[in-house]
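**Q** Basically our numbering = 1-based index in the sequence shown + 134.
Submitted below is the structure of interest, expressed as structure tokens.
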Amino acid sequence: MEVDTLPVIIQGGMGIGVSSWPLARAVAQLGQLGVVSGVALDNLLIRRLQDGDAGGDVRRAMEAFPSPSVASETLRRFFKPEGRAEGEPYVLVPMYRQVVDSFRNQLTILANFVEVWLAKEGHDGKVGINFLSKIQMPTLPSLYGAMLAGVDYVLMGAGIPREIPGALDSLAKHEPSSIRFDVQGAGEEEEERLHFDPREFFEGLLPQLKRPKFLPIIASNSLATMLARKANGHVDGFVVESPIAGGHNAPPRGEKRLNELGEPVYGERDTVDLKKLGKLGLPFWLAGGTGHPGQIEEAQKEGGVGIQVGTLFAYCRESGLFEGLKRTVLELCKKGEVEVRTADRASPTGFPFKTVEVESSLTCPETYETRKRVCDLGYLRVPFRMANGRIGYRCPAEPVRTFLAKGGSEEETQGRKCLCNALLANVGHAQSRGNGIEEAPLLTSGDGLLTLRDFLQGRDSYSARDVIDYLLS
Ligand SMILES: Cc1cc2nc3c(=O)[nH]c(=O)nc-3n(C[C@H](O)[C@H](O)[C@H](O)COP(=O)(O)O)c2cc1C
């Protein structure tokens, strides 16, 4: 791959719906890599439809979907021209399992298609999509949907995406593919897999697809080396993410130590040796606190191509974050009162997760304690082998009694927050729980939020173009 054809700035994938298509499109139009988040796009799509799809963007993209019957069935089931009535809960779809019915997968293919199609509409810039390896069950139909819309890059963090390169190769030819399905408590000899066959979903002439470039997000040399050497297909480069980045962070290596605020402590062992990484001969981008002028040159001095930036883009006008939340955080930044914590227990994944202290969000103990636990989106459910040999699904943020009944421990549930519902609330699609109660948000950002004031210079808002001009200055 020619280094000079690669973007120097990657706008980081920010789930759920923060790096939505308007942001990725704006960045791609400016010649950098715009990335949509691929997390929970199926529920995001049907919530946008239930809220009336103001402007008609979602429906315009659906018209371009190669299977019109899937698009029309989705409209029939979910579109509400007048939106929802006050306090009316969103309709849900069944949570993912190892095997789901055909419509469930079709909806996922469609939702990923729509997001990428809109991000790519009307220009020749490059668009990527970001997934979390830990969320395994919707991955193959999601990749296929994004590829039907011509996605240029797939980025994947939070896990070991060893079999994704091979899956991309197969899907580009519309061939069946499968990835390993990690089931807790299952012996090595009973490996489970997730299967997906694109030809089950489309009849007739299939559109020609290109194989997107694949960039795993790594936080250690060992993972990069393993992926470069042992993945089942070509890896096209890496995003190297440090523990000050927004979103989930890799856990510290070695024995876990917490500081007085209960945050995991990172040390020397958690830094990636970039010289050693460079020896793998693949391009790389540096992420985590690189949202400042001069950082592209710094990365290039270390042998990299450029940077991946999240936090700075998360609060720009084009990002999907709910306007009220954006404004609240920018006000806190301006006053120098914003706080970011690395929460050790908040995420059900067990990975450290950066949170921004915002009143009335789940960082507020009272809001967290009064929320009635419910698990109805289920992206972070972990499959486990039940005593009867079948596969069950559980999440430590689900109701405690349910989790215990599934063999989980009480300790595992402590402090866990339902990221699925909170992150949908962050982007203006909070579920209604009756009596005027709505799911509360939970914001994430990197430590770079603390210096966003320098960039703001008194402004109340800014655009993706402002961010790119700043980073290139
Ligand atoms: C609001 C927000 C949400 C994020 N969500 C994800 C995600 O879903 N998947 C992912 O791989 N990275 C996620 N990230 C990390 C970004 O893609 C990017 O790597 C990171 O923000 C770079 O560091 P910075 O925040 O210091 O700029 C998120 C970051 C932010 C700020």
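Think of the CB as a built atom: it goes at the ideal place given N, C-alpha and C, for glycine as much as any other residue.
Just so we're clear, the structure is a prediction, and the values are computed from it rather than from any experiment.
To the nearest angstrom, how far is it from the Cα of D138 to the Cα of F348?
**A** The predicted position of D138 is uncertain, since its pLDDT is 49 and thus under 50; a value taken from the coordinates is nonetheless stated next. The alpha-carbon atoms of D138 and F348 are separated by roughly 17 Å.
**Q** Mapping the DSSP letters down to three states, classify Y596 as helix, strand or coil.
**A** Reduced to three states, the DSSP call for Y596 is coil.
**Q** Nearest-angstrom Cα distance between Q240 and R528?
**A** Q240 and R528: Cα-Cα distance of roughly 24 Å.
**Q** Closer than 8 Å is the cut-off here; do at least three beta carbon pairs connect the stretch 595–604 with the stretch 435–442?
**A** Output reads no: the stretch 435–442 does not touch the stretch 595–604.
**Q** For the structure I just gave you, are there three or more beta carbon pairs, one from the stretch 513–523 and one from the stretch 458–473, closer than 8 Å?
**A** Too few Cβ pairs lie closer than 8 Å, so no.
**Q** Checking 8 Å against the spacing of the C-beta atoms, do F487 and T578 come in under that value?
**A** Result yes, Cβ atoms of F487 and T578 sit closer than 8 Å.
**Q** Does at least one heavy atom of ligand 1 sit under 7 Å from the Cβ of S267?
**A** No, the Cβ of S267 stays beyond 7 Å of every heavy atom of ligand 1.
**Q** Helix, strand or coil: which one does DSSP assign to V399?
**A** If DSSP states are grouped into helix, strand and coil, V399 belongs with coil.
**Q** Check this for me: beta carbons of V248 and I263, under 8 Å apart or not?
**A** Cβ distance not < 8 Å, so V248 and I263 don't count as in contact.
**Q** Excluding the five sequence neighbours on either side, which residues of its own chain have a C-beta within less than 6 Å of the C-beta of N393, listed in chain order?
**A** Only V399 meet the Cβ criterion.
**Q** Does N264 come out as helix, strand or coil in the three-state DSSP assignment?
**A** Strand, per DSSP.
**Q** Can you list, in chain order, the stretches of the alpha helix (DSSP H) that have 4 or more residues and sit fully within the stretch 351–437?
**A** The stretch 351–437 contains these whole alpha helix (DSSP H) runs: 355–364, 408–412, 429–435.
**Q** Answer yes or no: the CB of V152 versus the heavy atoms of ligand 1, is any distance below 7 Å?
**A** Indeed, a heavy atom of ligand 1 lies less than 7 Å from the Cβ.
**Q** In the DSSP assignment, find the alpha helix (DSSP H) that holds V534 and state where it starts and stops.
**A** Start and end: 534–539.
**Q** If I measure Cβ to Cβ from R587 and keep anything under 7 Å in the same chain, skipping five residues before and after, which residues do I get?
**A** So the qualifying residues of the chain are C467, K468, G470.
**Q** Only counting the same chain, and skipping five residues up and downstream in sequence, which positions put a Cβ closer than 8 Å to that of K364?
**A** Counting only Cβ-Cβ distances below 8 Å, and skipping sequence neighbours, we find R296.
**Q** Could you please give me the residues that DSSP links to K488 through a beta bridge?
**A** Paired residues: T476.
**Q** Just reading off the beta strand (DSSP E) that V608 is part of, what are its end residues?
**A** Limits of the chain in this structure are 135 at one end and 607 at the other, which puts residue 608 out of reach.
**Q** Which ranges would you report for the beta strand (DSSP E) in the stretch 280–345 if only whole runs of at least 3 residues count?
**A** The qualifying runs are 287–291, 311–315, 326–330.
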